Amino acid sequence: MHGTIPLVRTARPSGRPFAGDTLVVASHNTGKVREIADLLAPFGLTRVVSAGELGLPEPEETGASFAANAELKALAAARASGHPALADDSGLEVVALEGAPGIYSARWAGPDRDFGRAMERVRSELGSGRDRRANFACALSLAWPDGHVDTFEGRVYGDIVWPPRGDRGFGYDPIFQPDGHAVTFAEMDPADKHAISHRAEAFRLLVAACFDPATG
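The number in the numbering used here is simply the position in the sequence shown, starting from 1, with 56 added.
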């Protein structure tokens with residue numbers, strides 16, 4: 057899966073300092089790229105470019121976990137571009153569906169990325185009277201062309217709501233209401249979502265390990 061480049065994983069909440077001026081966001085999902093770019097904005101990178109902008113192919117997500125898929129995407133983009141690459145793998149985990157859609161969250165939306173259809177499938181499989189607890193999970197992997205990769209994970213918990221509410225965010229955001237809030241992710245101001253999301257939690261760990269000025 058990783059070719060001939062060695063894979064060096066970091067299990068501790070520490071990582072290799074990022075010292076370059078170019079970072080590839082290993083995604084073709086414009087909503088996800090925009091959200092990651094917003095989170096990266098304070099770090100003054102000269103160039104943040106997506107895999108889609110570079111015309112890089114999307115590798116097949118063959119991993120059995122969010123972390124495994126994030127790592128293979130980050131490594132593929134780093135090898136192909138010659139620059140450090142940041143990949144995200146994330147999804148919705150519904151307790152009553154035994155964690156589904158999980159790593160298959162995007163696949164539930166089909167080849168056309170129709171998340172209206174995906175959300176309807178969640179509603180249909182849940183039915184009525186079942187536990188509505190759920191969480192979003194995110195793994196962020198930062199990989200270098202030499203095969204080094206650091207991975208960090210975050211989660212945010214809440215409930216599935218129906219019907220969908222809000223037109224902000226992307227994916228399953230309109231049916232997820234995080235704990236302590238009366239609105240869905242799709243109804244939130246993006247800055248408020250960034251402060252509490254699964255991606256923000258993983259990003260905080262990434263920043264502390266790889267982007268902290270004290271380590272750079």
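Think of the CB as a built atom: it goes at the ideal place given N, C-alpha and C, for glycine as much as any other residue. Please read these numbers as outputs of a predicted model, since none were measured by experiment.
- Message: At 4 residues or longer, what runs of the alpha helix (DSSP H) sit wholly inside the segment 120-194?
- Response: Uninterrupted alpha helix (DSSP H) stretches at least 4 residues long and entirely within the segment 120-194 occur at 122-137, 171-182, given in chain order.
- glycine 108 lies in the alpha helix (DSSP H); which residues open and close that run? Glycine 108 -> alpha helix (DSSP H) spans 107-110.
- Among Asp170, Arg135, Trp200, the one whose alpha carbon lies nearest that of phenylalanine 226: Of Asp170, Arg135, Trp200, the residue nearest in Cα terms is Asp170.
- Message: According to DSSP, threonine 207 sits in a beta bridge with which residue or residues?
- Response: DSSP lists Ser197 as partners of threonine 207.
- Under 8 angstroms by Cβ, that's how I've got aspartate 144 and lysine 88 pegged, so tell me the actual separation to the nearest angstrom. Contact holds; Cβ gap of about 6 angstroms.
- Nearest-angstrom Cα separation, counted from arginine 163 out to glycine 119: The alpha-carbon atoms of glycine 119 and arginine 163 are separated by roughly 14 angstroms.
- Select from Arg188, Glu116, Ala93, Phe192 the residue whose C-alpha is nearest the C-alpha of leucine 153. Among Arg188, Glu116, Ala93, Phe192, the Cα nearest to that of leucine 153 is on Arg188.
- For glycine 225, the three-state DSSP class (helix, strand or coil): Here glycine 225 sits in coil by DSSP.
- Message: Do valine 104 and leucine 96 count as a contact pair if the criterion is CB distance below 9 angstroms?
- Response: Valine 104 sits close to leucine 96, with the two beta carbons spaced by under 9 angstroms.
- First through last residue of the beta strand (DSSP E) which encompasses phenylalanine 232: The continuous beta strand (DSSP E) containing phenylalanine 232 extends over residues 232-234.
- Item | Cross-strand partners of asparagine 79 (DSSP beta bridge) | Note on identity: in this sequence residue 79 is leucine, with asparagine being the wrong assignment. Answer is Val104, bridged to leucine 79.
- Task: Would you kindly work out how many angstroms separate the C-alpha atoms of arginine 173 and alanine 165, rounded to a whole number?
- Result: Cα to Cα, the separation comes out at about 6 angstroms.
- Enumerate in chain order the residues of its own chain whose CB-to-CB distance from glycine 210 is below 6 angstroms, with the five nearest sequence positions on each side excluded. By the criterion of a C-beta distance shorter than 6 angstroms, glycine 210 is surrounded in its chain by Cys194, His254, Glu257, Ala258, once the five residues flanking it on both sides are discounted.
- Roughly how many angstroms lie between the CA atoms of tyrosine 228 and valine 151, to the nearest whole one? Their Cα atoms are separated by approximately 15 angstroms.
- CA-to-CA distance, proline 234 to glutamate 243, given in whole angstroms: Approximately 11 angstroms between the Cα atoms of the pair.
- From isoleucine 252 to glycine 155, what distance separates their C-alpha atoms? Isoleucine 252 and glycine 155: Cα-Cα distance of roughly 21 angstroms.
- Message: Need the endpoints of the alpha helix (DSSP H) that histidine 250 sits in, please.
- Response: Run containing histidine 250: 246-252, per the alpha helix (DSSP H) assignment.
- Shortest alpha-carbon distance to phenylalanine 208 belongs to which of Ala264, Glu117, Thr86? Of Ala264, Glu117, Thr86, the residue nearest in Cα terms is Ala264.
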